[in-house]
Amino acid sequence: MALAGITQVDQDLSLVDQPPPSIVTHPPEEGDTDLRRPEAVASEYSITSIPHQPSKMGISGVVNACVHLQNSMRASLGLTSIPNTKYNLRLALALHRAGLIASVTRGGPRPPPPEALLATETEAVTTANVATRRLWLGLKYWDNRPVVLSVSAVSKPSRLVTATLPQLAKVARGFPVGPIKGLNLGETLFVSTDRGVLEVREALDRKVGGLVLCRVS
Numbered sequence: 001m002a003l004a005g006i007t008q009v010d011q012d013l014s015l016v017d018q019p020p021p022s023i024v025t026h027p028p029e030e031g032d033t034d035l036r037r038p039e040a041v042a043s044e045y046s047i048t049s050i051p052h053q054p055s056k057m058g059i060s061g062v063v064n065a066c067v068h069l070q071n072s073m074r075a076s077l078g079l080t081s082i083p084n085t086k087y088n089l090r091l092a093l094a095l096h097r098a099g100l101i102a103s104v105t106r107g108g109p110r111p112p113p114p115e116a117l118l119a120t121e122t123e124a125v126t127t128a129n130v131a132t133r134r135l136w137l138g139l140k141y142w143d144n145r146p147v148v149l150s151v152s153a154v155s156k157p158s159r160l161v162t163a164t165l166p167q168l169a170k171v172a173r174g175f176p177v178g179p180i181k182g183l184n185l186g187e188t189l190f191v192s193t194d195r196g197v198l199e200v201r202e203a204l205d206r207k208v209g210g211l212v213l214c215r216v217s
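Okay, here's the thing in structure tokens:
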């Protein structure tokens with residue numbers, strides 16, 4: 001389904017001010033005779049990228065968006081909106097890629113008409129209208145039940161929760177890591193990385209860790 005011209009925006013945002021990844025490897029042990037290139041050895045261990053972390057204000061906005069999205073699903077709304085911020089946009093696009101919401105459309109304070117949800121172009125964001133821009137999310141239901149039952153924030157302004165690649169892999173297998181509970185059937189996590197906001201399995205495929213934003217079930 002078309003995203004009303006937002007996909008390109010997400011790609012542009014993911015390339016802004018991103019620090020280079022750092023490679024963390026185990027130190028050599030005594031008697032180690034492995035003479036392979038360091039890059040080959042590092043690929044067998046944890047490869048962790050240091051993401052461009054959201055500010056506390058950005059995290060606060062994501063927490064509010066999670067609460068609003070959960071309440072909208074419980075109220076059986078077909079369409080809802082959240083503030084048009086950089087991190088809300090990245091999270092909304094990640095939810096759409098995962099098939100958890102039906103559409104993402106940038107609009108104003110009033111709900112867009114149904115035909116606008118499938119449009120390929122939207123009104124440009126300018127200094128005159130930026131304060132009123134909203135992200136309108138089409139919600140999904142199956143057999144009169146919401147596809148998303150729960151959206152709970154993991155990181156909060158008072159406590160930012162990060163996870164390395166090995167830690168994310170452990171959580172995905174159902175084991176707890178610190179404050180992050182292991183995933184159960186039907187649950188997933190969304191992580192802010194140096195490659196944008198990714199679903200936990202996307203992060204594992206790309207070998208990146210990051211800031212754990214929320215848990216969705």
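Just so you know, we're using the UniProt record's numbering here: the sequence shown kicks off at 1 and counts up by one. We put the CB at the ideal spot given by N, CA and C, even for glycine.
Closest Cα partner of residue i within the set the options
i      : options                       : result
Thr164 : Val147, Leu204, Ser150        : Leu204
Val208 : Leu198, Leu183, Arg215, Tyr87 : Leu198
Glu82  : Val62, Pro179, Leu100, Arg97  : In the sequence on display, residue 82 carries Ile and not Glu. Ranking Val62, Pro179, Leu100, Arg97 by Cα distance to Ile82 puts Val62 first.
Glu187 : Pro157, Ser152, Arg133        : Ser152
Asn64  : Asn88, Met73, Arg195          : Asn88
Cys66  : Arg195, Asn144, Leu149        : Leu149
Lys56  : Leu77, Arg159, Met73, Pro114  : Arg159
Asn84  : Ser217, Arg106, Gln70         : Arg106
Ser76  : Arg206, Arg145, Ser217        : Arg145
Ile59  : Val104, His96, Lys86          : Lys86
Chain-order list of residues whose beta-carbon lies under 6 Å from that of residue i (same chain, five-residue window excluded)
i      : result
Gly182 : Val171, Gly174, Phe175, Pro176
Thr132 : Gly108, Pro109
Thr33  : Only weak support is given to the placement of Thr33: the predicted model assigns it a pLDDT of 42, under 50, and the question is left unresolved by the model.
Cβ separation of residue i and residue j, assumed to be a contact under 8 Å, to the nearest whole Å
i      : j      : result
Pro157 : Trp136 : Not really, about 26 Å apart at Cβ, beyond 8 Å.
Gly108 : Arg134 : 7 Å
Leu93  : Gly138 : Going by Cβ atoms, the distance from Leu93 to Gly138 rounds to 13 Å, so no, they are not a contact pair.
Own chain, CB closer than 7 Å to residue i, minus 5 neighbours either side, in chain order
i      : result
Tyr141 : Val147
Own chain partners of residue i with C-beta closer than 8 Å, once the 5 adjacent residues on each side are dropped
i      : result
Ile180 : Val154, Val161, Ala163, Gln167, Val171, Leu189, Val212
Ala40  : In this prediction, Ala40 scores a pLDDT of 40, lower than 50, which makes its location untrustworthy; the coordinate-derived value is nonetheless stated afterwards. If we look at Ala40 and ignore the five residues flanking it on each side, it has no Cβ neighbours.
Val200 : Leu168, Val171, Ala172, Leu183, Thr188, Leu189, Phe190, Val191
Beta-carbon spacing of residue i, residue j below 8 Å
i      : j      : result
Ser192 : Gly210 : yes
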